[in-house]
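Below you'll find the structure, written out as structure tokens, and then a few comments.
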Amino acid sequence: MLVEKNVPLQPYNTFRIVARAQTLVRVLREADVQALLADPELGPAPKFVLGGGSNIVLTGDVKAVVLKVEIMGRRLVAESDKAWIVEFGAGENWHEAVGWTLAQGRPGLENMALIPGTVGAAPVQNIGAYGVELQDRFESLDAIDLQTGRPFTLEAAQCGFGYRDSVFKHAAGPQGLGLAGRALITRVRLRLPKAWKPELGYLDLQRRQAETGIERPTAQQIHDWVCEIRRAKLPDPAVIGNAGSFFKNPTVTPEQCADIIAREPKIVHYLLDDGTVKLAAGWLIDACGWKGKSIGQAGVYEKQALVLVNRGGGDNGATGGEVMTLAKAIQTSVYERFGILLEPEPVVI
Ligand code: EPU
0 MLVEKNVPLQ
10 PYNTFRIVAR
20 AQTLVRVLRE
30 ADVQALLADP
40 ELGPAPKFVL
50 GGGSNIVLTG
60 DVKAVVLKVE
70 IMGRRLVAES
80 DKAWIVEFGA
90 GENWHEAVGW
100 TLAQGRPGLE
110 NMALIPGTVG
120 AAPVQNIGAY
130 GVELQDRFES
140 LDAIDLQTGR
150 PFTLEAAQCG
160 FGYRDSVFKH
170 AAGPQGLGLA
180 GRALITRVRL
190 RLPKAWKPEL
200 GYLDLQRRQA
210 ETGIERPTAQ
220 QIHDWVCEIR
230 RAKLPDPAVI
240 GNAGSFFKNP
250 TVTPEQCADI
260 IAREPKIVHY
270 LLDDGTVKLA
280 AGWLIDACGW
290 KGKSIGQAGV
300 YEKQALVLVN
310 RGGGDNGATG
320 GEVMTLAKAI
330 QTSVYERFGI
340 LLEPEPVVI
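Under numbering that gives the first Met the number 0, the letters of the sequence shown match residues 0 to 348, in that order.
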């Protein structure tokens, strides 16, 4: 177990917000968690689990013990006629994991290429892009209970996956279901069906198909298209600090949608299978004139209004407070114009 004191967290959050961890413990193997829990000082202290730091806003120094998960490893753990089951250490980089499966001739994750963060963080917010979500490929995960030190395994049905949501984002409620702050995910297993078919439901991918004239793209081609589309629309966190989409796309009833369309005929919306309507939060924010605007060093990305960015660099960048002030101002103006309260996607600490 490696314990460090007063550690700068700027390199460990993709928003590149300046903050420090009073205590940071690198978790390289499961036994490190047991050692930490047995420690008389660190064991009883509050804890915060950090993955790739791509979905957090730090609003100050972190007093809880930061557990930086660096458990590595990738392997095929099972194979049947129907599917391959691959397992990753929670500290593996997600995009590299996607590339590894493709290089092994096992497609299925290509639509989720280039999503920042670690494999261990992927189930927490059920990452998704271009028509595929983690839950569509999820098999099971191993975790450690940070209160009791007990290891446990969860199947998909026990993870409470929803749109950018899971049991890991919720505090324990009356039914005791939430695992926020309680579980440290150590390994994730994914199921990649052998009967692969391209997932081309998204307009952006259909456009690529038309432009290239490729009727039956391979998984590698879809991977490359997704990377191109993301690079054109989304800021690279290595260059401009950001945490991906800052708000979830809201859903409304068909009646609410009809009401909004009557006032805003151009509103971008998609009918979902369950009869509700998803609205493009980026469009709503854009329509309120936020694209390119800033509060302090926190800004709204010029090419995608759903992404908030850190316009500064080094020590002079945006603070978590500026990001949240901007987020609240956006929420207020979208609410005043459309009557819809946008829900932030990242975890605010
Ligand atoms: N739009 C605008 N103005 C904007 C931004 C978007 O008019 O400034 C319109 C676009 O023209 C488009 C629609 O809004 O018609 C949707 O935009 P886009 O296709 O870029 O996708 P999104 O709904 O903004 C979601 C996910 C992304 C994911 C993409 C592709 C959420 C919150 N975001 O974005 O996920 O990559 O779809 O599947 O669901 C993330 O979660 O961090 C993330 C990047």
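Note that beta-carbon positions come from the ideal geometry of N, C-alpha and C, so glycine has one too.
Are there 16 or more other CB atoms within 10 angstroms of the CB of residue i, so buried, or fewer, so exposed?
i, result
"residue 349", "The question about residue 349 has no answer here: the residues shown for the chain are numbered 0 through 348."
"residue 231", "exposed"
"residue 241", "buried"
"residue 259", "buried"
"residue 152", "exposed"
"residue 300", "buried"
"residue 327", "exposed"
"residue 121", "buried"
"residue 235", "exposed"
"residue 187", "buried"
"residue 75", "exposed"
"residue 335", "exposed"
"residue 269", "exposed"
"residue 119", "buried"
By Cβ distance, which residues of its chain are closer than 6 Å to residue i, with the 5 residues on each side in sequence left out?
i, result
"residue 160", "125 and 134"
"residue 34", "0"
"residue 20", "6, 8, 61 and 65"
"residue 48", "66 and 183"
"residue 319", "16, 56, 57 and 58"
"residue 316", "15, 296 and 309"
Keeping to the same chain, check which residues put their C-beta closer than 8 Å to that of residue i; ignore five residues upstream and five downstream.
i, result
"residue 24", "0, 1, 2, 3, 31, 35, 41, 64, 65, 66 and 67"
"residue 157", "166"
"residue 321", "294, 295, 296 and 297"
"residue 289", "299, 304, 329 and 332"
"residue 73", "85, 86, 87, 88, 91, 96 and 99"
"residue 205", "199"
Excluding the 5 residues preceding and the 5 following residue i in the sequence, name in chain order all residues of the same chain whose CB lies nearer than 7 Å to its CB.
i, result
"residue 314", "17"
"residue 77", "84"
"residue 155", "134 and 137"
"residue 246", "280, 305, 341, 342, 343 and 344"
"residue 28", "70"
Evaluate contact between the region 265-283 and the region 185-203, counting only Cβ atoms and requiring at least three cross-stretch pairs below 8 Å. No: fewer than three Cβ pairs fall under 8 Å.
Which runs of the beta strand (DSSP E), 3 residues or longer, sit entirely within the region 279-348? List check, beta strand (DSSP E) in window: 297-299 and 306-309.
When you compare the region 325-338 with the region 40-53, are there three or more beta-carbon pairs, one atom per stretch, that lie closer than 8 Å? With fewer than three CB-CB distances shorter than 8 Å, the region 325-338 does not count as touching the region 40-53.
I want to know whether the region 47-54 touches the region 9-16 - three or more CB-CB distances under 8 Å. yes
Are the region 75-89 and the region 105-119 in contact at 8 Å, needing three or more beta carbon pairs? yes
Would you check if there are 3 or more beta carbon pairs closer than 8 Å linking the region 240-256 to the region 133-147? no
Entirely enclosed alpha helix (DSSP H) segments - the region 99-124, minimum 4 residues: none
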